[in-house]
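A.B. asks: The structure is given below, and queries will be raised subsequently.
This is the structure in structure tokens:
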């Protein structure tokens, strides 16, 4: 959404009222504070306050995690949305020396993903209270403003509960009476189920008070409320069902854990909310199907901000020259194509993720690096090894030899010589002669792969999703205005499919999941939906959209997928498509040019599965990581707060 600054509005008001006689100078009220009755008398002023509340929402594109691990800054000094958030969980590799701890640590701290911003909750409660009491707003404006604030409050409580479990549920702006007694301000944690019930009930209460407008993306709509409800109910249902597999991850008071008997009720609510959107009850949303090339079409979902894009439901928007832009493209564009020739290429998707994109015949298989006898497979073009795959592969990842801004990426690790040795260099600019020649030539790609060289790909891949092809989008002085989609129609379909599957409605689940798959070129319908298929489909459709961690947590798969054991290539290429497949270290797929003059394969490409040398750790998710640790400062200030289990 457009970032509206209260400072600008207040400055304008002060200027217009500053022409006072000297004698009245001391009689004017303080100008640093805008009186509540004035602020809530004009819809433009109310919207400016609400705009600030929108900008303070938390999700995958915000600072999220341990407080000492600061994220990069965008060109305007705000927290950079996303790239380091995504460079974890073995889904990618962080090609920046300052972020190498992500692949060198063994596990996560208990306070990872912690949020506890009751200052924000108080501001939302105050907004609702003051907007309700306002007398100079029209009833239509009041109704919408209050519904939007309730949406933001519910959505933030959802962000809290999926990280923390039950938290104090406060819906009124608490006030200290300066009596010295703070007991009335000390609230106990609500049950985890009560938080999910609150989110669901708020969505139901406000959905018809919000516009059903498919072209409204950055403010709350009926579809946004329903999408939030569907996702939250799905989370609650799966925690209830799969939490039975980890009974030790619970608290006696219900602050953590949801009874298994509540699962079907939540799944039913999730399906109903999702179907309300699917059936057109909140507007005519649909999958984005605009471009003939299916990979380009998938990538364009995250770039197209026009009315043609009726897949995006709720976004965090950005606008060049508005004061709100981000540096995602600056940080993650291919090095050789970067706008300023400076640091780039930080986020390198892993081979672990790339091989999850199945073949067009609905089967899973690793990429063909070797034949049945263990000999290298040679390819005329780099992209040939990826042929016949789910189009979302090339729509999500920028593959070796793939194009960005009309230029091809230059990704290769060196020359493979006939004797089995490799001729390479520590940088593309450092040339060397090939055997039997005297002229020095480039022996490694400009965009990598060089083991340990930051800002170049260490996995053979760059990210494509969200990468902005607009001129100047990779410059620090300009930044990108690509929106970050928080809720979209494809996820609604997958939420409906999962809820239907859990309720035993196989044909309904298949219908929804096949719609999403067909858009990616997978035109052979699935008829037997399994839990493995549900997990797989979310992983490949929603990669780098902030779902992987919370999906693994709610399914109680995190301790199995990230079990702390090192991986081998055999581990990497086995059990593809299984929900509990281990993925503790990010591998790469490195291309090599074959040099053997006179041989039929001379000049062709071969590929190798490689674990980058920087990867010395392995992801280990402990039972105590399912719910983030509550800070000691919070617990010492409020003895009613009970600690998390297993910590």
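In this note's numbering, the protein residues as written are 15 to 661. Beta carbons: idealized from backbone N, C-alpha and C, even for Gly. Predicted, not measured: the structure shown is a model, and the values here were computed from it.
#1: Measuring only the C-alpha atoms, how far is residue 190 from residue 199?
#2: Measuring CA to CA, which of 629, 553, 159, 490 is closest to residue 370?
#3: Tell me which residues share the same chain as residue 528 and place their Cβ nearer than 7 Å to its Cβ, disregarding the 5 neighbours each side in the sequence.
#4: Under the three-state reduction of DSSP, which class applies to residue 248: helix, strand or coil?
#5: Of the residues 295, 54, 406, 627, which one's Cα is nearest the Cα of residue 308?
#6: What separation, rounded to the nearest whole angstrom, lies between the Cα atoms of residue 564 and residue 254?
#7: Output needed for residue 454: all residues of its chain with C-beta closer than 8 Å, excluding positions within five of it in sequence on either side, in chain order.
#8: Could you say which of 229, 186, 170 lies nearest to residue 297 if we only look at CA atoms?
#9: Can you name the residues that DSSP bridges to residue 340?
#10: Is residue 145 closer than 8 Å to residue 160 when the C-beta atoms are compared?
#11: Is the beta carbon of residue 240 closer than 8 Å to that of residue 166?
#12: Under 8 Å between the Cβ atoms of residue 637 and residue 263?
#13: Thinking residue 248 and residue 509 are a contact (beta carbons under 8 Å), I'd like their distance in whole angstroms, please.
#14: Which residue spans inside the region 350-431 form an unbroken alpha helix (DSSP H) run of at least 4?
#15: By a C-beta neighbour count over all protein chains shown, 10 Å radius and 16 as the cutoff for buried, is residue 430 buried or exposed?
#16: Please state the DSSP three-state secondary structure of residue 658.
#17: Spell out a yes or no on whether the region 261-277 and the region 480-500 are touching, meaning 3 or more CB-CB pairs, one atom from each, closer than 8 Å.
#18: Going by CA-CA distance only, name the one from 377, 468, 51 that's closest to residue 536.
#19: Contact between the region 274-281 and the region 501-520: three or more CB pairs below 8 Å?
#20: Determine the DSSP secondary structure at residue 155, reduced to helix, strand or coil.
#21: By how many angstroms is the C-alpha of residue 533 removed from the C-alpha of residue 303?
#22: Does residue 446 come out as helix, strand or coil in the three-state DSSP assignment?
#23: With H, G and I counted as helix, E and B as strand and the rest as coil, what does DSSP make of residue 642?
#24: Per DSSP, residue 603 is paired with what?
#25: Can the beta-carbon of residue 633 be found closer than 8 Å to that of residue 103?
#26: Between the Cα of residue 649 and the Cα atoms of 130, 389, 55, which residue gives the shortest distance?
#27: What span of residues does the beta strand (DSSP E) with residue 328 cover, start to end?
#28: How many whole angstroms separate the CB atoms of residue 470 and residue 411, which I take to be in contact at a CB cut-off of 8 Å?
#29: Are the CB atoms of residue 621 and residue 383 nearer to each other than 8 Å?
#30: Between 639, 571, 468, which has its C-alpha nearest residue 126's C-alpha?
#31: Where residue 606 and residue 109 are concerned, what is the direct C-alpha to C-alpha distance, given to the nearest angstrom?
C.D. replies: Put simply:
#1: Their backbone Cα atoms lie some 7 Å apart in a straight line.
#2: Comparing Cα positions, the closest option is 553.
#3: The residues are 539, 540.
#4: Three-state DSSP puts residue 248 in a helix.
#5: Ranking the options by Cα distance to residue 308, first place goes to 406.
#6: When rounded, the distance between both Cα atoms is 14 Å.
#7: Non-local beta-carbon contacts of residue 454 in its own chain, meaning distances under 8 Å to residues more than five positions away in sequence, involve 445, 446, 447 in chain order.
#8: The residue with the shortest Cα to Cα distance from residue 297 is 229.
#9: Looking at the DSSP assignment, residue 340 forms a beta bridge with 494.
#10: If you check the CB distance, residue 160 and residue 145 come in under 8 Å.
#11: No; because the gap between Cβ atoms is not below 8 Å, this pair is not in contact.
#12: The beta carbons of residue 637 and residue 263 sit closer together than 8 Å.
#13: With 8 Å as the limit, residue 248 and residue 509 qualify as a contact, their Cβ atoms being about 5 Å apart.
#14: Whole alpha helix (DSSP H) segments, 4+ residues: 365-368, 406-410.
#15: Counting Cβ neighbours within 10 Å, residue 430 comes out buried, since at least 16 surround it.
#16: If DSSP states are grouped into helix, strand and coil, residue 658 belongs with coil.
#17: Fewer than three pairs of CB atoms, one per stretch, sit closer than 8 Å, so the region 261-277 makes no contact with the region 480-500.
#18: Its Cα nearest to that of residue 536, the residue 377 stands out among 377, 468, 51.
#19: Counting C-beta pairs with one atom in each stretch, the region 274-281 and the region 501-520 have three or more that are closer than 8 Å, which means they touch.
#20: The answer is helix: DSSP assigns residue 155 an H, G or I state.
#21: So the two alpha carbons sit approximately 7 Å from each other.
#22: When DSSP states are grouped into helix, strand and coil, residue 446 belongs to the strand group.
#23: The answer is coil: DSSP assigns residue 642 none of H, G, I, E or B.
#24: Checking the DSSP bridge columns, you'll see residue 603 partnered with 623.
#25: Closer than 8 Å, so yes.
#26: Of 130, 389, 55, the residue nearest in Cα terms is 130.
#27: That run of the beta strand (DSSP E) goes 326-330.
#28: With a Cβ gap of about 16 Å, residue 470 and residue 411 do not count as contacting.
#29: Yes, they are a contact pair.
#30: Minimum Cα distance to residue 126 is reached at 639.
#31: It is roughly 20 Å from the alpha-carbon of residue 606 to the alpha-carbon of residue 109.
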